[in-house]
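Here is the structure we will look at, set down as structure tokens.
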Amino acid sequence: MSMKKRVAEVVAQALETLKTNGSLELSGMPLFQVDIPKTPEHGDFATNAALVLAKPARRPPRQVAELIREAINPPPGMLARVDIAGPGFINFFLQESYWLQVLADIAAAAGRYGHSSLGAGKRVQVEFVSANPTGPLHVGHGRGAALGDALANILTCTGHQVEREYYINDVGSQMRTLGLSLFLRAQEVQGEQVSFPETCYQGDYIKELAQEYLAGQGPVPAGEPDAPTLDACGRYAGEAILREIRQDLEDFGVRFDTWYSETRLFENKIVDRAFAALQERGYLYEAEGALWFKATAFGDEKDRVVRRQNGATTYFASDIAYHWEKFQRGYDQVIDIWGADHHGYVPRLQAIVPALGIKDQKLTVLLVQLVSLLREGQPVAMTTRGGTFVTLRQVMDEVGKDVARFIFLSRRADAHLEFDLELAKRQTSENPVYYVQYAHARLASVFRLAGEKGIAWQTAPPEVLTRLNLPEELTVLKLLAGYPDIVEAAATHLEPHRITYCLTELAGELHSYYYKHRFISDDQELTQARLLLVQGVKAVLDHGLGLLGVEAPEAM
RNA sequence: GCGCCUGUAGCUCAGCGGGAUAGAGCAACGGACUUCUAAUCCGUAGGCCGCAGGUUCGAGCCCUGCCAGGCGCGCCA
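Quick note on the working numbering: the first sequence kicks off at 19 and runs consecutively.
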């Protein structure tokens with residue numbers, strides 16, 4: 019249990035006592051908070067319990083606070099002092115030695131410190147990237163990939179059963195366009211004079227694919243293509259591009275449990291069955307020769323077409339079927355990660371959840387803001403039209419996987435992100451990635467030396483820890499103690515950047531501590547104590563970087 | 001025109017289901033390498049939290065209006 023939870027426990031018990039002895043009339047346990055105050059004078063932890071209770075109890079907050087304080091019965095050795103301050107906050111000051119417990123917690127957790135059972139029994143699916151197989155992944159996809167993967171890691175860490183999924187949009191007009199693009203480029207290679215429409219995919223990768231296609235599949239016919247040819251071209255290009263995408267993601271450190279093809283939705287009649295489910299509940303109707311979903315019944319601004327006049331279903335129809343099928347699979351929560359440019363699509367997708375009669379299962383759509391790519395502060399041109407865009411592959415090759423992932427995860431998802439390629443390459447303090455990795459490598463180096471000197475710190479008796487009484491040591495202990503709470507917060511709010519920030523802070527404290535004090539000295543006990551402490555730091559850095567999907571190097 | 005997101009230090013951003021005196025990194029300025037890795041550390045300076053109202057014990061956070069930027073508003077995907 020984290021330190022914060024232990025304090026919350028103490029408060030809860032006090033309230034329980036007051037309730038049973040009749041000092042306070044309470045219906046159920048009120049939602050009080052335990053926070054880490056901004057200023058140290060307000061203690062290690064503070065609770066607003068008295069403020070929350072004042073109104074229902076019809077007594078002044080400070081009086082309630084006094085009651086709570088008297089009812090508190092903490093474990094031995096835990097509290098040094100309890101103050102009542104301000105409008106009625108209760109401030110808890112822990113005994114400094116009590117913080118040492120965190121080191122035992124870390125050791126006992128054996129690499130699983132920060133794990134919890136928050137999501138025990140909950141199945142969560144994270145669907146992310148899901149880029150159409152019509153071109154290589156770009157930087158924006160990279161951000162989505164880093165976010166989805168880190169999120170999945172974090173949720174796993176908090177006890178959720180997590181599955182990663184990639185939805186392959188391989189049906190419909192864009193696949194025809196892709197086929198046509200390949201076909202025309204192939205004709206070009208064969209020396210034919212063709213006009214290449216603006217609506218086709220402009221990138222050079224299509225030309226390369228056309229070359230490969232011709233080499234492997236033989237020449238394409240002259241003139242207008244027939245349907246089977248276009249089909250073959252489209253499938254060929256789609257599959258080739260998807261292979262590239264898989265490879266890129268693999269190299270980016272992202273692996274999916276499931277690659278779900280849109281084609282399956284039609285082959286398995288899932289679209290029809292989902293339609294039937296909607297029909298049954300009266301949320302489909304025919305008008306103007308098309309079939310509509312009554313999205314306005316659930317807050318969307320207009321009803322949406324699911325089958326066109328020409329009989330073809332829309333992209334939205336596939337999405338209805340896909341999500342219906344997802345919920346059939348029994349996930350408690352389905353998380354979709356999309357580019358922010360699709361935000362207008364969220365209400366209609368959310369609308370299908372109640373329309374399909376889905377209860378007790380939640381759909382969450384996370385929007386990721388686009389990435390502004392810079393080079394030395396200057397924007398890098400990114401036009402899909404002209405086919406000039408920076409791919410995830412290029413970024414990985416140029417700055418490295420770790421740097422890219424860390425930067426992607428250094429902002430809230432819905433905040434715009436500036437990604438300066440030159441700055442990302444620089445190994446200076448302008449670049450936060452190395453700051454954290456360096457802290458880990460430094461510690462690894464310390465432990466190498468300790469090993470060479472034959473220092474037996476692992477087997478040191480617990481009493482040596484009482485030698486840790488520097489302010490820097492206490493600060494480090496407190497940061498370590500807060501780590502499990504941060505992981506839980508990152509999981510409940512679905513915000514991996516919280517991990518990034520907390521690691522940067524921990525690394526900072528470590529560097530400062532390292533600079534001021536030697537860990538390995540002639541004082542054997544002190545050495546053991548400090549090594550035990552920084553072993554905890556190393557473990558948390560290692561763990562946290564693991565959640566982000568960033569390497570924790572042993573040397574730099 | 002309507003909708004969503006964003007607006008916090010010169011720059012990039014945190015700010016934990018409203019909490020006490022708003023934080024970090026970078027840049028700027030001044031310092032520290034005979035040390036377990038200087039990819040580091042220490043210090044200084046820097047703010048009508050876009051603007052105006054409102055809600056309450058308390059607002060950067062919630063509500064309303066306005067201003068600015070981004071993105072969306074297809075029987076496209």
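Quick reminder that beta carbons are idealized off the backbone N, C-alpha and C, glycines included.
> If you drop the 5 nearest sequence neighbours on each side, which residues of the same chain put their C-beta closer than 6 Å to that of Arg403?
Replying inline: One-based indexing of the first sequence puts residue 403 at position 385. Note that Arg403 has pLDDT 49, beneath the 50 cutoff, so the model's placement of it is unreliable and the number below is only indicative. Cβ neighbours of Arg403 beyond the five flanking positions: none.
>> On a Cα-Cα basis, can you pick out the residue from Gly418, Gly357, His178 and Arg460 that is closest to Ala138?
In response: The residue you call residue 138 lines up with position 120 of the first sequence. Among Gly418, Gly357, His178 and Arg460, the Cα nearest to that of Ala138 is on His178.
> Got a sec? Which residues, its chain only, sit under 8 Å from Leu165 by beta carbon, not counting five neighbours each side?
Replying inline: Indexing the first sequence from 1 puts residue 165 at position 147. Result list for Leu165: Phe146, Ile355, Leu384, Val386, Phe426, Leu427, Ala431 and Pro514, in chain order.
> Exposed or buried, which one is Leu71 when buried takes at least 16 other CB atoms within 10 Å?
Replying inline: Taking the first residue of the first sequence as 1, we reach residue 71 at position 53. So Leu71 ends up on the buried side.
> If you drop the 5 nearest sequence neighbours on each side, which residues of the same chain put their C-beta closer than 7 Å to that of Pro79?
Replying inline: Walking along the first sequence from the start, residue 79 turns up at place 61. Correct list, in chain order: Ala68, Leu69, Ala72, Pro105 and Gly106.
> DSSP beta-bridge partners for Val52?
Replying inline: Translated into the one-based positions of the first sequence, residue 52 becomes position 34. Partner(s): Thr65.
> What separation, rounded to the nearest whole angstrom, lies between the Cα atoms of Val555 and Leu524?
Replying inline: Position 537 of the first sequence, counted from the start, is the residue given in the question as residue 555. Position 506 of the first sequence, counted from the start, is the residue given in the question as residue 524. The alpha-carbon of Val555 is positioned some 8 Å away from that of Leu524.
>> Please give the ranges of any alpha helix (DSSP H) in the segment 82 to 148, keeping only runs that are unbroken, at least 4 residues long and fully inside the region.
In response: DSSP runs (the alpha helix (DSSP H)) wholly in the segment 82 to 148: 119 to 127.
> Leu309 lies in the beta strand (DSSP E); which residues open and close that run?
Replying inline: Position 291 of the first sequence, counting from 1, holds the residue named residue 309. Taken as a continuous stretch (DSSP letters only), the beta strand (DSSP E) holding Leu309 covers Ala308 to Phe311.
> What residue ranges within the segment 266 to 320 form continuous beta strand (DSSP E) runs of no fewer than 3 residues, ordered along the chain?
Replying inline: Listed in chain order, they are 276 to 279, 302 to 305 and 308 to 311.
> Between Thr484 and the rest of its own chain, which residues show a CB-CB distance below 7 Å, the 5 nearest in sequence each way excluded?
Replying inline: As a working note, residue 484 is residue 466 in the first sequence. Excluding positions up to five away in sequence, the list reads Ser115.
> From what residue to what residue does the alpha helix (DSSP H) around Trp356 run?
Replying inline: One-based indexing of the first sequence puts residue 356 at position 338. Looking at the DSSP string, Trp356 is not in any alpha helix (DSSP H); the run it does join, the beta strand (DSSP E), is Gln351 to Gly357.
>> Let's see if you can read the secondary structure: which residues bound the beta strand (DSSP E) around Tyr184?
In response: Within the first sequence, residue 184 is the residue found at index 166, counting from 1. It spans Gln179 to Ile186 - the beta strand (DSSP E) in which Tyr184 sits, taken as one unbroken run.
> What first and last residue would you give for the alpha helix (DSSP H) that runs through Pro174?
Replying inline: Position 156 of the first sequence, counted from the start, is the residue given in the question as residue 174. The sequence given here places Thr at residue 174; Pro does not occur at that position. Note, Thr174: alpha helix (DSSP H), Val157 to Cys175.
> DSSP puts Gln396 in a beta bridge; with which residues?
Replying inline: By one-based count along the first sequence, residue 396 stands at place 378. Note: Gln396 sits in a beta bridge opposite Arg393.
>> By the DSSP assignment, the beta strand (DSSP E) with Glu436 in it spans what residues?
In response: Position 418 of the first sequence holds residue 436. First-last of the beta strand (DSSP E) with Glu436: Leu435 to Asp438.
> Quick one: is Glu183 buried, meaning 16 or more other Cβ sit within 10 Å of its Cβ, or exposed?
Replying inline: By 1-based counting over the first sequence, the position of residue 183 is 165. Glu183 counts as buried, since no fewer than 16 other beta carbons sit within 10 angstroms of its beta carbon.
>> Looking at the strands, I want to know which residues DSSP matches up with Leu384.
In response: On the first sequence, residue 384 is found 366 positions in, with the first residue counted as 1. Beta bridge pairing from DSSP links Leu384 with Ile355.
> Is the number of C-beta pairs between the segment 79 to 96 and the segment 28 to 38 that are closer than 8 Å three or more?
Replying inline: Yes: the two stretches touch, three or more of their Cβ pairs being nearer than 8 Å.
> Using DSSP with H/G/I as helix, E/B as strand and the rest coil, what is Arg429?
Replying inline: For the purposes of this step, residue 429 is taken as residue 411 along the first sequence, with counting starting at 1. DSSP places Arg429 in coil when its eight states are reduced to three.
> From Ala128 to Val558, what distance separates their C-alpha atoms?
Replying inline: One-based indexing of the first sequence puts residue 128 at position 110. One-based indexing of the first sequence puts residue 558 at position 540. As the crow flies, the alpha-carbon of Ala128 is around 11 Å from that of Val558.
> Is the segment 275 to 294 touching the segment 325 to 340 in the sense that three or more CB pairs, one from each, lie closer than 8 Å?
Replying inline: Short answer: they touch.
> DSSP beta-bridge partners for Thr409?
Replying inline: In the first sequence, residue 409 corresponds to position 391, counting from 1. Paired residue(s): His156.
> From what residue to what residue does the beta strand (DSSP E) around Arg548 run?
Replying inline: Taking the first sequence and counting its residues from 1, the one referred to as residue 548 is at position 530. Counting along the chain, no beta strand (DSSP E) covers Arg548; the unbroken alpha helix (DSSP H) around it starts and ends at Gln542 to Leu566.
> Apart from the five residues just before and just after Leu302, which ones in its own chain have a Cβ nearer than 8 Å to its Cβ?
Replying inline: Reading the first sequence from its first residue, position 284 is the one you call residue 302. Excluding five sequence positions before and after Leu302, the CB atoms of its chain that fall closer than 8 Å to its own CB belong to Phe293, Leu296, Leu309, Trp310, Phe311, Lys312 and Val324, given in chain order.
> Can you tell me the Cα-Cα spacing of Cys218 and Pro243, whole angstroms?
Replying inline: Along the first sequence, read from residue 1 onward, the residue named residue 218 stands at position 200. Along the first sequence, read from residue 1 onward, the residue named residue 243 stands at position 225. Cα atoms of Cys218 and Pro243: separation of roughly 15 Å, rounded to the nearest angstrom.
>> Taking the alpha-carbon of Phe437 as reference, which of Leu461, Met414, Gln192 and Ile517 has the nearest alpha-carbon?
In response: As a working mapping, residue 437 is identified with position 419 in the first sequence. When the alpha-carbon of Phe437 is set against those of Leu461, Met414, Gln192 and Ile517, the nearest one is in Met414.
>> Per the DSSP calculation, Arg322 is bridged to which residue(s)?
In response: As a first step, residue 322 must be located in the first sequence, where it is residue number 304. DSSP, once it has assigned bridges, lists Phe311 as partnering Arg322.
>> For Thr331, list the residues DSSP reports as bridge partners.
In response: As a working note, residue 331 is residue 313 in the first sequence. Thr331 pairs with Arg325.
>> Determine whether the beta carbon atoms of Pro92 and Val28 lie at a separation below 7 Å.
In response: Position 74 of the first sequence holds residue 92. Position 10 of the first sequence holds residue 28. Closer than 7 Å, so yes.
> Between Ser530 and the rest of its own chain, which residues show a CB-CB distance below 7 Å, the 5 nearest in sequence each way excluded?
Replying inline: In the first sequence, counting from the first residue as 1, residue 530 sits at position 512. The beta carbon of Ser530 sits closer than 7 Å to the beta carbons of Glu490 from its chain, once the five residues preceding and following it are set aside; these are given in chain order.
> Ile224 and Leu200 look like a contact to me (Cβ under 8 Å); what is the Cβ gap, rounded to whole Å?
Replying inline: Locating residue 224 in the first sequence gives position 206, where the first residue counts as 1. Locating residue 200 in the first sequence gives position 182, where the first residue counts as 1. Right, their Cβ atoms sit about 6 Å apart.
> If Thr545 and Trp475 are in contact, beta carbons under 8 Å, what's the gap, nearest whole angstrom?
Replying inline: Against the first sequence, residue 545 aligns to sequence position 527. Against the first sequence, residue 475 aligns to sequence position 457. Trp475 and Thr545 do touch by the CB rule: their CB atoms are close to 7 Å apart, below 8 Å.
>> Suppose you measure from the CA of Ala126 to the CA of Val120; what does that come to, to the nearest Å?
In response: Along the first sequence, one-based indexing puts residue 126 at 108. Along the first sequence, one-based indexing puts residue 120 at 102. Between the alpha carbons of Ala126 and Val120 lies a distance of about 10 Å.
> Taking buried to mean at least 16 other C-beta atoms within 10 Å of its own C-beta, is Glu506 buried or exposed?
Replying inline: Within the first sequence, numbered from 1, the residue matching residue 506 stands at position 488. Buried: at least 16 other Cβ atoms inside 10 Å.
> Apart from the five residues on each side of it in sequence, which residues of its chain come closer than 6 Å, Cβ to Cβ, to Tyr254?
Replying inline: For the purposes of this step, residue 254 is identified with residue 236 of the first sequence, where counting begins at 1. Result list for Tyr254: Tyr231, in chain order.
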